[in-house]
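What follows is a short report on a single structure.
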Amino acid sequence: MQILPTLWQQNCVLCTDDAKNAALCPTCQSDLPNMPDSLCPICALPVSEPGILCGSCLKHPPAYGRTLAAYAYSFPLDRLVHAFKYHHQFSLLDTLTAPLVEALQYHPRPDAILPMPLHPGRLRERGYNQALLLAQHLARQLKLPLLTHSCQRTRATAEQAHLTREQRLENLRGAFACDATVQGLHIAIVDDVMTSGSSVQHLAQSLKQAGASAVECWVVARALHIH
Ligand SMILES: [Zn+2]
Ligand SMILES: [Zn+2]
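The working numbering puts the sequence shown at residues 189 to 415.
Quick look at the structure:
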């Protein structure tokens, strides 16, 4: 399988069959890894029955109160996220966000949406912040305000994926600064992938310290098997 790094794709991004100008053909679309039914409402990890909290959230409640995930982070969703994040495959925006838009028809809405900030150095390397593109798209679809300047990454951090849990927490200490524009607001953080949850936890803590009343997380893909 090959993912073509083109901006406009008329064939399926995954199998190159005719997708009728959508990003994916109907077969690949229906094969995407959905989230399981029984999830911890706070962190979106699998639990034994719907609605109960996982042991980790019971013991150490995170600074965010809810997580909504569009898909499970497994094949071929990982390919799609990679193509979107590194290869300008923006035709995937609808596919990647559709389950979130659908879920939010039935959930209370936050006051504003905030993309996971990218450090300016990373932004220069990559050319765009994938979380900002996702957040812009969701803000348009859901008619919610978008906060683009309320939080900054104050230093470049190592890519979280390559670190252990302890290194992740250390890596992010003091990594975000949020200003008073978030005061009193219920904010949804938007990011592409949630792995350990330590990035959203640190950003949520910074938002709460700056006066946000509540924080939740919306992600395209949730890693369900974390170490
Ligand atoms: Zn296909
Ligand atoms: Zn949990």
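Quick reminder that beta carbons are idealized off the backbone N, C-alpha and C, glycines included.
Since the structure is predicted, the reported quantities are computational estimates derived from the model, not experimental observations.
Asked                                                                                                                                                                   : Found
Please report the distance separating the alpha-carbon of R147 from that of S338.                                                                                       : The shown model of the chain, from 189 to 415, leaves out residue 147, and the question about it has no answer.
Suppose you measure from the CA of K273 to the CA of Q318; what does that come to, to the nearest Å?                                                                    : 6 Å
With H374 as the anchor, note down where its alpha helix (DSSP H) starts and where it stops.                                                                            : Here H374 belongs to no alpha helix (DSSP H); instead the beta strand (DSSP E) covers 374-382.
Could you tell me the boundaries of the alpha helix (DSSP H) in which E313 lies?                                                                                        : 308-314
What is the DSSP secondary structure of L292, reduced to helix, strand or coil?                                                                                         : coil
Can you list, in chain order, every residue whose CB sits closer than 6 Å to a heavy atom of ligand 2?                                                                  : C228, I230, C231, L233, L241, C242, S244, C245
Over what stretch of residues does the beta strand (DSSP E) that includes P303 continue unbroken?                                                                       : 300-303
Could you tell me which residues DSSP pairs with L256 in its beta bridges?                                                                                              : W406
Around ligand 1, what residues have a beta-carbon under 6 Å from a heavy atom of it, in chain order?                                                                    : C200, L202, C203, D205, L212, C213, T215, C216
Would the stretch 296-305 count as touching the stretch 367-381 if we require 3 or more Cβ pairs under 8 Å?                                                             : yes
By the three-class DSSP mapping on this structure, what secondary structure does Q217 have?                                                                             : helix
In chain order, what residues of the same chain have a beta carbon less than 7 Å from the beta carbon of D205, not counting five sequence neighbours either side?       : N199, C213
Going along the chain, which residues of its own chain have a beta-carbon closer than 6 Å to the beta-carbon of A411, five neighbours each way excluded?                : Y261, T383
Could you check where the alpha helix (DSSP H) with Q397 kicks off and where it finishes?                                                                               : 386-397
At which residues does the alpha helix (DSSP H) containing C200 begin and terminate?                                                                                    : No alpha helix (DSSP H) contains C200, which DSSP labels as neither H nor E.
First and last residue of the alpha helix (DSSP H) that includes Q329?                                                                                                  : 318-330
Assess contact between the stretch 276-291 and the stretch 245-255, defined as three or more Cβ pairs (one per stretch) separated by less than 8 Å. Is contact present? : no
So, is T255 buried or exposed, given that buried needs 16 or more other C-beta atoms within 10 angstroms?                                                               : buried
For E354 and F364, what's the separation of their Cα atoms in angstroms?                                                                                                : 18 Å
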